[in-house]
Amino acid sequence: MNNTQRPNPPADATRAITNGRTSAEHHGAVNTPVYHASTILHPDVESFETRHDPTSNRRKVIYGLLGTPTSFDLEEVLADLEGGHDAVLVPSGLAAISVALLSFLKPGDHALIADTVYPPTRSFCDEHLASMNIAVDYYDPHLGAGIETLIQPNTRVIFLESPGSFTFEIQDIPAITKVARDRGVTTILDNTWSTPLFFKSFSHGVDVSVHAATKYLSGHSDVVMGAIICAEHAWSPVRRTHRHLGQCVGPDDAYVTLRSIRNLSTRLNAHHKQGLALADWLNEREEVAEVLHPGLPDHPDHAVWKRDFLGASGLFSIVLRPKSREAVLNMVNGMELFRIGASWGGFESLMIPVYPEQYRSATHWDPSKFTLRIHAGLEDFDDLIADLKAGFERLKRSSKSD
Ligand SMILES: Cc1ncc(COP(=O)(O)O)c(C=O)c1O
Numbered sequence: 003m004n005n006t007q008r009p010n011p012p013a014d015a016t017r018a019i020t021n022g023r024t025s026a027e028h029h030g031a032v033n034t035p036v037y038h039a040s041t042i043l044h045p046d047v048e049s050f051e052t053r054h055d056p057t058s059n060r061r062k063v064i065y066g067l068l069g070t071p072t073s074f075d076l077e078e079v080l081a082d083l084e085g086g087h088d089a090v091l092v093p094s095g096l097a098a099i100s101v102a103l104l105s106f107l108k109p110g111d112h113a114l115i116a117d118t119v120y121p122p123t124r125s126f127c128d129e130h131l132a133s134m135n136i137a138v139d140y141y142d143p144h145l146g147a148g149i150e151t152l153i154q155p156n157t158r159v160i161f162l163e164s165p166g167s168f169t170f171e172i173q174d175i176p177a178i179t180k181v182a183r184d185r186g187v188t189t190i191l192d193n194t195w196s197t198p199l200f201f202k203s204f205s206h207g208v209d210v211s212v213h214a215a216t217k218y219l220s221g222h223s224d225v226v227m228g229a230i231i232c233a234e235h236a237w238s239p240v241r242r243t244h245r246h247l248g249q250c251v252g253p254d255d256a257y258v259t260l261r262s263i264r265n266l267s268t269r270l271n272a273h274h275k276q277g278l279a280l281a282d283w284l285n286e287r288e289e290v291a292e293v294l295h296p297g298l299p300d301h302p303d304h305a306v307w308k309r310d311f312l313g314a315s316g317l318f319s320i321v322l323r324p325k326s327r328e329a330v331l332n333m334v335n336g337m338e339l340f341r342i343g344a345s346w347g348g349f350e351s352l353m354i355p356v357y358p359e360q361y362r363s364a365t366h367w368d369p370s371k372f373t374l375r376i377h378a379g380l381e382d383f384d385d386l387i388a389d390l391k392a393g394f395e396r397l398k399r400s401s402k403s404d
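Just so we're aligned, residue 3 is where the sequence shown starts under the numbering used here, counting upward by one.
Shown next, in the form of structure tokens:
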């Protein structure tokens, strides 16, 4: 490709490699080194006393808590990939959610939260926000512009997560953000499933995008981290709350996550392909009643997903046709490649039973629908299929002996 054919701006896969790279400041090292630092020494008192000058470079190294070259480079590449103004790092995905919510809510306010959020988001709202006299209502994730009827004079935040945790409903994000903008309400989206590559929050009107970097951004099941990416008008409240709550991340974690971002596009496209291929295969099995994957044409929200998203990650669920719990556990416990574990977004495949009915209040999930959440890892496809076939064999055998 010659220069005139190159996309402008460069494609995500390129920017994930070229952005947030300050090699010239590190003797040419390709990867920004790890800086273990708390105290930063100054050459003189004048420089020390002006260290917080708000007009100086935001990425000035002042004190370890406030960032080092490694964390600054990671923030920069994340904000760029999603099309945001700036980003901060926090010690977990849940911290990204709580810091973002606390940035825009104060006692007496009201928040609308999607009914299908990650369960600890719900606990934070029900227990922590409630104790601060912040009222919370849950809404059906399929409410698009209709969310307007739920907005109260004191509503300050609408929180979205799309697809929904465990059940993978896709929200009409542009319809919700339009209403929110018109009514002066801040929108916060948990965009962990898509990463900054597969859903461009800010071009769909979102104000704040939160991520569990624990998942695909770090991508190797060995880091716990979060990131908050903001539109320009939402940046200062988040920056202030982040500072007040003393949030920062360890330098080694920032390093490995930055290293993983360089090949995020390759990994995510592989998860997309693997997830869809597994979902397609599972859709044909008679043991499976439903495959909850928005990338499948028969998913009820497929059209909205196709309109707004640029891909699917490797996480989805299946609902099994009625079987005893013992039979299902016999299947899951015997899997060799699909391992049992919380979290997702690493290179490995996972399978766990989930119970969405325990975390719904505005919508209903039939508790008799035995649901398994699957993470499509990067193993060989045929090996994964062999593991699933053996699992369904066990399910059949133990169902016979029920
Ligand atoms: C959608 C979603 N958001 C946030 C989180 C929280 O991430 P962390 O485990 O880093 O706190 C998770 C974790 O599973 C998640 O699935």
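Here a beta-carbon is modelled for each residue, glycine too, at the ideal position from N, C-alpha and C.
- In the same chain as VAL258, and ignoring 5 residues on each side of it, the C-beta atoms closer than 8 Å to its own belong to SER220, HIS222, ASP224 and VAL225, in chain order.
- The shortest C-alpha to C-alpha distance from ARG327 to any of ARG396, SER167 and PHE204 is the one to ARG396.
- Excluding five sequence positions before and after ARG341, the CB atoms of its chain that fall closer than 8 Å to its own CB belong to GLU350, SER351, LEU352 and MET353, given in chain order.
- Every unbroken stretch of the alpha helix (DSSP H) spanning 4 or more residues and falling wholly within the stretch 290 to 355 is given here in chain order: 304 to 310 and 327 to 335.
- DSSP, read as helix, strand or coil, puts TYR361 in helix.
- According to DSSP, PHE161 shares a beta bridge with ILE115 and ILE190.
- Rounded to the nearest angstrom, the Cβ distance from ALA291 to LEU322 is 6 Å, consistent with a contact under 8 Å.
- Under the three-state reduction of DSSP, ARG264 is assigned to coil, being neither helix nor strand.
- If you check the CB distance, VAL210 and THR179 do not come in under 8 Å.
- Residue environment analysis places SER267 among the buried positions, since at least 16 neighbouring C-beta atoms fall within 10 angstroms of its C-beta.
- Exclusion of GLU289 from the 7 Å shell around ligand 1 follows from its C-beta lying no nearer than that to any non-hydrogen atom of the ligand.
- Taken through DSSP and simplified to helix, strand or coil, CYS250 comes out as coil.
- A distance below 8 Å separates the beta carbons of ILE230 and VAL92.
- Following the DSSP letters along the chain, one finds ILE230 inside the beta strand (DSSP E) bounded by residues 228 to 232.
- Counting the other Cβ atoms within 10 Å of the Cβ of HIS54 gives fewer than 16, which makes it exposed.
- In the three-state reduction of the DSSP assignment, ILE376 falls in the strand class, which pools E and B.
- Linking LEU294 to PHE318 through their CA atoms gives a straight-line distance of about 6 Å.
- Residues PRO198, LYS202, SER203, PHE204, SER211 and ILE231 of the same chain have their beta carbon placed closer than 7 Å to that of GLU84, with the five preceding and five following residues left out of the count.
- Contact annotation: THR373 and ASP142 have beta-carbon atoms that are not nearer than 8 Å.
- With 16 or more neighbouring CB atoms inside 10 Å of its own CB, VAL181 falls in the buried class.
- Residue state for HIS130 is assigned as helix, using DSSP reduced to three classes.
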